[in-house]
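From first to last, the protein sequence lines are chains A and B.
Heads up: the first sequence begins at 0 in numbering that gives the first Met the number 0, then just goes up one per residue.
Heads up: the second sequence begins at 0 in numbering that gives the first Met the number 0, then just goes up one per residue.
A virtual CB, placed ideally from N, CA and C, is assigned to each residue, including glycine.
Input: a single structure, listed below in structure tokens.
Protein chains: 2
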Amino acid sequence: MHLTRGLHRAVQLNPDRVMTVDGTRTRTFAEAADRVARFAGALRALGVAKGDRVAMLALNSDRFSEYLLAVPWADAVLNPVNIRWSPAEIAYSLADSGTKVLLVDQVFAAMLPAIREQYPDLTTVIHCGDGPAPQGTLSYEELIATGAPIEDARRGGDELAGIFYTGGTTGFPKGVMLTHANLFASAMGSLATGDLFTPGGSYLHVAPMFHLADMCGWLTEVTLGGSHVFIPSFDPVATLRAIQEHRVTDSLLVPIMIQLLVDHPDAAGYDLSSLACIVYGASPIAQAVLERAMKLFPNAGFTQAYGMTELSPVATLLGPADHAAGLLRSAGRPAPHSEVRVVDPEGNEVPRGTVGEIVARGDHVMRGYWNKPEETAEALRGGWMHTGDGGYMDENGYLFVVDRLKDMIVSGGENVYSAEVENAVAAHPAVATCAVIGVPDQEWGERVHALILCHPGMTVTAEEIRTHAKTLIAGYKAPRSIELVEAMPVSGTGKILKRELRERYWGDTDRQVH
Amino acid sequence: MHLTRGLHRAVQLNPDRVMTVDGTRTRTFAEAADRVARFAGALRALGVAKGDRVAMLALNSDRFSEYLLAVPWADAVLNPVNIRWSPAEIAYSLADSGTKVLLVDQVFAAMLPAIREQYPDLTTVIHCGDGPAPQGTLSYEELIATGAPIEDARRGGDELAGIFYTGGTTGFPKGVMLTHANLFASAMGSLATGDLFTPGGSYLHVAPMFHLADMCGWLTEVTLGGSHVFIPSFDPVATLRAIQEHRVTDSLLVPIMIQLLVDHPDAAGYDLSSLACIVYGASPIAQAVLERAMKLFPNAGFTQAYGMTELSPVATLLGPADHAAGLLRSAGRPAPHSEVRVVDPEGNEVPRGTVGEIVARGDHVMRGYWNKPEETAEALRGGWMHTGDGGYMDENGYLFVVDRLKDMIVSGGENVYSAEVENAVAAHPAVATCAVIGVPDQEWGERVHALILCHPGMTVTAEEIRTHAKTLIAGYKAPRSIELVEAMPVSGTGKILKRELRERYWGDTDRQVH
Numbered sequence: 000m001h002l003t004r005g006l007h008r009a010v011q012l013n014p015d016r017v018m019t020v021d022g023t024r025t026r027t028f029a030e031a032a033d034r035v036a037r038f039a040g041a042l043r044a045l046g047v048a049k050g051d052r053v054a055m056l057a058l059n060s061d062r063f064s065e066y067l068l069a070v071p072w073a074d075a076v077l078n079p080v081n082i083r084w085s086p087a088e089i090a091y092s093l094a095d096s097g098t099k100v101l102l103v104d105q106v107f108a109a110m111l112p113a114i115r116e117q118y119p120d121l122t123t124v125i126h127c128g129d130g131p132a133p134q135g136t137l138s139y140e141e142l143i144a145t146g147a148p149i150e151d152a153r154r155g156g157d158e159l160a161g162i163f164y165t166g167g168t169t170g171f172p173k174g175v176m177l178t179h180a181n182l183f184a185s186a187m188g189s190l191a192t193g194d195l196f197t198p199g200g201s202y203l204h205v206a207p208m209f210h211l212a213d214m215c216g217w218l219t220e221v222t223l224g225g226s227h228v229f230i231p232s233f234d235p236v237a238t239l240r241a242i243q244e245h246r247v248t249d250s251l252l253v254p255i256m257i258q259l260l261v262d263h264p265d266a267a268g269y270d271l272s273s274l275a276c277i278v279y280g281a282s283p284i285a286q287a288v289l290e291r292a293m294k295l296f297p298n299a300g301f302t303q304a305y306g307m308t309e310l311s312p313v314a315t316l317l318g319p320a321d322h323a324a325g326l327l328r329s330a331g332r333p334a335p336h337s338e339v340r341v342v343d344p345e346g347n348e349v350p351r352g353t354v355g356e357i358v359a360r361g362d363h364v365m366r367g368y369w370n371k372p373e374e375t376a377e378a379l380r381g382g383w384m385h386t387g388d389g390g391y392m393d394e395n396g397y398l399f400v401v402d403r404l405k406d407m408i409v410s411g412g413e414n415v416y417s418a419e420v421e422n423a424v425a426a427h428p429a430v431a432t433c434a435v436i437g438v439p440d441q442e443w444g445e446r447v448h449a450l451i452l453c454h455p456g457m458t459v460t461a462e463e464i465r466t467h468a469k470t471l472i473a474g475y476k477a478p479r480s481i482e483l484v485e486a487m488p489v490s491g492t493g494k495i496l497k498r499e500l501r502e503r504y505w506g507d508t509d510r511q512v513h
Numbered sequence: 000m001h002l003t004r005g006l007h008r009a010v011q012l013n014p015d016r017v018m019t020v021d022g023t024r025t026r027t028f029a030e031a032a033d034r035v036a037r038f039a040g041a042l043r044a045l046g047v048a049k050g051d052r053v054a055m056l057a058l059n060s061d062r063f064s065e066y067l068l069a070v071p072w073a074d075a076v077l078n079p080v081n082i083r084w085s086p087a088e089i090a091y092s093l094a095d096s097g098t099k100v101l102l103v104d105q106v107f108a109a110m111l112p113a114i115r116e117q118y119p120d121l122t123t124v125i126h127c128g129d130g131p132a133p134q135g136t137l138s139y140e141e142l143i144a145t146g147a148p149i150e151d152a153r154r155g156g157d158e159l160a161g162i163f164y165t166g167g168t169t170g171f172p173k174g175v176m177l178t179h180a181n182l183f184a185s186a187m188g189s190l191a192t193g194d195l196f197t198p199g200g201s202y203l204h205v206a207p208m209f210h211l212a213d214m215c216g217w218l219t220e221v222t223l224g225g226s227h228v229f230i231p232s233f234d235p236v237a238t239l240r241a242i243q244e245h246r247v248t249d250s251l252l253v254p255i256m257i258q259l260l261v262d263h264p265d266a267a268g269y270d271l272s273s274l275a276c277i278v279y280g281a282s283p284i285a286q287a288v289l290e291r292a293m294k295l296f297p298n299a300g301f302t303q304a305y306g307m308t309e310l311s312p313v314a315t316l317l318g319p320a321d322h323a324a325g326l327l328r329s330a331g332r333p334a335p336h337s338e339v340r341v342v343d344p345e346g347n348e349v350p351r352g353t354v355g356e357i358v359a360r361g362d363h364v365m366r367g368y369w370n371k372p373e374e375t376a377e378a379l380r381g382g383w384m385h386t387g388d389g390g391y392m393d394e395n396g397y398l399f400v401v402d403r404l405k406d407m408i409v410s411g412g413e414n415v416y417s418a419e420v421e422n423a424v425a426a427h428p429a430v431a432t433c434a435v436i437g438v439p440d441q442e443w444g445e446r447v448h449a450l451i452l453c454h455p456g457m458t459v460t461a462e463e464i465r466t467h468a469k470t471l472i473a474g475y476k477a478p479r480s481i482e483l484v485e486a487m488p489v490s491g492t493g494k495i496l497k498r499e500l501r502e503r504y505w506g507d508t509d510r511q512v513h
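Listed below in structure tokens is the structure:
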């Protein structure tokens with residue numbers, strides 16, 4: 000199990016077939032392999048040694064795919080950076096992982112001064128965008144043009160494939176260490192259901208590639224030897240056009256993207272008949288949206304995947320037959336590679352229908368958090384990955400996710416940890432105490448909402464809080480709405496009772512009670 | 000990756016669905032899991048400890064499936080015995096692997112005295128057949144009825160799953176050590192093509208279960224949570240009836256079985272429309288047979304698998320689309336989990352179209368031969384499994400197997416090593432020198448044929464040679480025909496030139512020249 004194996008196989012079988020399509024630029028498998036070998040050679044010449052981390056901060060592109068292959072080819076470790084992060088968060092993750100080499104595209108090159116200021120140890124920056132490389136960066140294309148190709152290091156199996164940073168409950172991101180075997184377990188196990196992906200097909204990268212959801216799709220497609228179509232980031236028209244033009248067969252989307260596609264006034268004008276498989280994750284899909292999506296994509300099977308970065312990332316799958324059976328509120332059943340249980344605080348399985356914490360076990364479970372032995376031991380206690388999600392399982396093994404024990408908000412498909420936002424909001428001089436919760440939102444699924452108790456005689460507006468927060472954390476984490484309160488409901492030990500706060504917004508809904 | 004994982008998953012998801020159908024006996028997943036846990040408990044009570052080998056000598060049955068699950072459940076190692084072997088060969092393999100516990104059914108119980116005589120260290124024999132347990136054996140059903148269930152040891156990953164004996168070039172069988180990860184690599188990698196197996200389907204065990212080809216099918220079906228139908232051994236009517244009665248969707252057959260099915264006068268009277276996937280191996284299929292088989296099984300896709308026990312066992316696959324394209328003479332293209340190359344004696348890849356030795360690399364490659372470090376190092380030199388098969392690859396990555404470098408005959412789907420037969424034939428008092436080769440045979444694909452140079456003044460008949468050989472080796476290895484010769488073509492170093500001998504029978508055919 001090497002991330003690069005599928006590339007070797009494809010070069011042997013179909014060297015002249017197109018592997019990547021990015022705008023008007025296409026590359027065959029043979030061309031891609033040559034570029035990967037050269038870029039790996041360039042990395043080695045730059046001093047990247049076995050196990051060194053190489054980061055990438057960029058929108059989707061064919062070069063992102065080359066990066067995912069060239070880094071293991073050079074015996075190094077991936078570190079794809081969350082494109083929604085602030086420079087402070089990026090600098091933190093680069094420093095935490097000791098990453099010395101960063102690839103950055105033209106969109107994010109503007110963040111370089113701020114990142115460098117906060118992380119001066121960044122020695123090498125490679126500009127992988129279009130246009131000339133800015134001062135202080137190396138040109139990706141020049142490195143490939145001049146790099147001497149090297150042999151694939153054949154990094155694989157239980158060796159580290161990458162460090163994937165994810166939001167932390169403590170307010171700091173944690174680096175999830177995944178091996179090649181972890182990533183293959185999830186990809187191949189999901190594929191074994193027979194519901195996913197089209198052999199010889201074409202996969203559209205529209206969800207951000209730094210995220211493990213799309214990366215799992217990437218790995219599956221590489222393993223099958225299919226082709227990849229890239230659009231830089233989600234845009235309804237670009238997505239519809241790409242599907243029609245390249246006869247795309249498979250893609251991973253989040254429900255909000257599906258909704259924006261079905262809502263687009265021109266959607267019906269495109270030929271979307273090639274799409275055979277849509278995987279979606281992060282949140283359930285509404286019945287009304289699904290019905291319209293099934294009309295728009297007449298030949299597509301829909302599969303919901305539930306999981307997390309620590310699970311590489313798939314734990315359960317809700318397949319097309321489950322969708323047909325109307326089981327939309329479930330996150331599906333354990334994937335073939337994953338054991339999933341619902342347990343009480345002592346780790347004992349609870350009866351079916353009873354809410355507890357969702358835990359998972361299998362070869363897809365992360366090796367651990369980078370440099371965080373205590374958090375690792377806590378998360379993996381008893382040999383099970385503790386997801387922090389509350390849920391229950393029905394008699395037929397269908398899992399229902401009902402609450403997030405870790406106090407996390409899922410907004411527009413992104414995980415936002417309340418603690419992190421609370422830290423940022425509380426740093427505002429007018430704020431005495433605050434509590435951040437997710438509240439229902441038509442567009443985002445959940446919206447980041449802050450309840451704020453101000454210092455006596457002071458006040459603050461939503462706009463001020465938002466502007467302030469964005470200097471510290473990513474924009475998508477900043478509260479989209481606030482409520483000034485006179486007092487916070489607290490427990491006997493002084494802990495804010497968030498459940499009470501949430502109930503005002505959610506009431507007796509699915510999210511709270513089953 | 001545990002052989003038992005799929006059972007746990009199925010018990011969680013569909014405890015009351017039927018897992019096994021053996022004649023009129025059916026068992027649900029919950030029942031099967033209970034029996035497996037009890038039999039594992041019984042094995043432990045009998046003193047079976049971590050890593051101990053437990054053998055089984057039996058025709059196909061639901062108990063064979065339970066054995067495959069209970070042995071790893073008890074933290075032990077499988078050793079399925081070739082049912083075509085002589086007692087001497089069986090005793091050799093039990094002694095070589097230090098196996099103390101043997102399961103035997105009513106068909107093979109008669110061999111026990113001869114096995115025990117040659118291997119007195121066999122301490123425990125469990126009778127897993129129907130009817131009462133013969134003296135000196137324990138009853139499988141009694142052990143299950145009285146055994147206390149134990150927790151699954153969760154043996155898996157890189158731990159040894161089994162020792163699978165295969166014919167040896169030196170005349171002695173070699174024990175191929177395969178890990179759980181090896182077996183999963185082959186099963187999941189083959190499944191990834193999308194051409195194999197039907198989720199929620201039903202698999203018919205008709206090829207012998209001791210053989211890795213059927214065991215790979217078993218593991219795939221266990222992983223998918225489908226059901227298993229067993230017939231003791233191949234019989235055209237029983238096969239046709241089982242497919243119709245149990246709506247079988249998938250099976251593994253060898254070409255001679257397919258031929259016997261299509262040739263059967265009553266075949267057309269059965270409803271065989273459920274069959275969706277037929278995997279066949281061991282030899283190519285003739286165009287005429289395939290065409291008739293496609294008519295008999297109107298909904299079945301045909302896939303040829305090429306490999307060997309040492310490759311767990313799949314290296315290449317020729318899928319339904321390849322069959323439709325008329326590529327029947329090829330063994331297919333490398334499976335997603337397998338790298339395959341054709342190399343010269345120095346291990347360098349030869350140009351496409353040039354004959355060399357077929358080698359393979361990947362997670363499916365055996366750990367090694369049991370207690371045979373030198374043979375292991377030789378077979379795995381350079382990190383590639385050397386198959387001993389000659390072949391070439393075309394420009395599109397299709398592999399063609401043209402000759403067996405290891406001097407092996409494939410007769411009726413079984414591997415026969417010439418050296419082993421030559422040893423047996425040469426032990427006859429009339430034989431001075433002999434050479435054993437495979438010759439073309441309508442029924443068997445290849446027939447074991449002996450060229451014999453007798454001692455002066457002596458002679459021998461085919462029947463005498465055959466009777467004599469069968470006292471030493473399995474019946475299928477004994478020569479089916481002989482030719483008395485006056486002289487053998489030998490090389491300068493005195494080595495018999497088998498190529499010359501073969502050419503008399505094969506001429507300028509595919510097997511020799513491409």
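query, result
"When the distance is taken between beta carbons, is residue 451 of chain A closer than 7 Å to residue 501 of chain A?", "no"
"Using CA atoms only, rank isn't needed, just tell me which of A:302, A:116, A:153, A:312 is closest to residue 325 of chain A.", "A:302"
"Rounded to the nearest angstrom, what separates residue 10 of chain A and residue 304 of chain A at their Cα positions?", "31 Å"
"If you draw a straight line from the alpha carbon of residue 358 of chain B to that of residue 183 of chain B, how long is it in whole angstroms?", "20 Å"
"When you compare the CB of residue 206 of chain B with every CB in chain A, is at least one pair closer than 7 Å?", "no"
"In terms of alpha-carbon separation, which member of A:307, A:279, A:115, A:149 lies closest to residue 196 of chain A?", "A:279"
"Alpha carbon to alpha carbon, how far is residue 406 of chain B from residue 177 of chain A? Give it in angstroms, no decimals.", "45 Å"
"Could you pull the start and end residues of the beta strand (DSSP E) that residue 504 of chain A belongs to?", "Not the beta strand (DSSP E): residue 504 of chain A falls in the alpha helix (DSSP H), residues 497–505."
"For residue 508 of chain B, count neighbouring Cβ atoms within 10 angstroms of its own Cβ and tell me buried if that reaches 16, exposed if not.", "With a pLDDT of 43 at residue 508 of chain B, under the threshold of 50, the modelled position of that residue is not reliable, and no figure is offered here."
"Along the segment 352–373 of chain B, what residues have a CB closer than 7 Å to any CB found in chain A?", "362"
"Do the segment 347–354 of chain A and the segment 199–212 of chain A touch if we need at least three Cβ pairs shorter than 8 Å?", "no"
"Which partner residues does residue 449 of chain B have in the DSSP bridge list?", "B:435, B:481"
"For the beta strand (DSSP E) containing residue 514 of chain B, name the first residue and the last one.", "The structure shown does not extend to residue 514 of chain B, since chain B is modelled only from 0 through 513, so no value can be given for it."
"Run through chain B and tell me which residues come within less than 7 Å of residue 176 of chain A, C-beta to C-beta.", "Going along chain B, no residue has its Cβ under 7 Å from residue 176 of chain A, so there is no contact; the nearest lies around 18 Å."
"Could you tell me which residues DSSP pairs with residue 137 of chain B in its beta bridges?", "B:125"
"Please name the residues in the segment 112–146 of chain A whose beta-carbon is closer than 7 Å to at least one beta-carbon of chain D, in chain order.", "You won't find chain D in this structure, because its protein chains are A and B."
"Taking 7 Å as the threshold (beta carbon to beta carbon), is residue 302 of chain B in contact with chain A?", "no"
"Could you work out which residues of chain A lie near residue 18 of chain B, taking near to mean beta carbons separated by less than 9 Å?", "Near residue 18 of chain B there are no residues of chain A at all, since even the closest Cβ is about 15 Å away, more than 9 Å."
"Closest to residue 486 of chain A by C-alpha separation, out of A:431, A:24, A:380, A:415, would be which residue?", "A:431"
"Whose Cβ in chain B lies nearer than 9 Å to the Cβ of residue 223 of chain A?", "191, 192, 193, 335"
"Tell me the DSSP secondary structure of residue 21 of chain B in three-state form.", "strand"
"Where does the unbroken alpha helix (DSSP H) through residue 193 of chain B begin, and where does it stop?", "Where residue 193 of chain B is concerned, there is no enclosing alpha helix (DSSP H), given that its DSSP letter is neither H nor E."
"Nearest chain A C-beta to residue 396 of chain B closer than 7 Å, yes or no?", "yes"
"Would you please state the rounded distance, in angstroms, between the beta carbons of residue 518 of chain A and residue 137 of chain A? I believe it to be under 8 Å.", "What the structure shows of chain A is the stretch from 0 to 513, and residue 518 of chain A is not part of that stretch, so it cannot be assessed."
"Please confirm if the segment 231–241 of chain A is in contact with the segment 158–166 of chain A, defined as three or more CB-CB distances below 8 Å between the two stretches.", "no"
"In chain order, what residues of the same chain lie with their CB nearer than 6 Å to the CB of residue 383 of chain B, ignoring the 5 residues before and after it?", "358, 360"
"Between the Cα of residue 75 of chain B and those of B:96, B:377, B:143, B:84, spot the shortest distance and give me the residue it belongs to.", "B:96"
"Is there a Cβ of chain B sitting closer than 7 Å to that of residue 198 of chain A, yes or no?", "yes"
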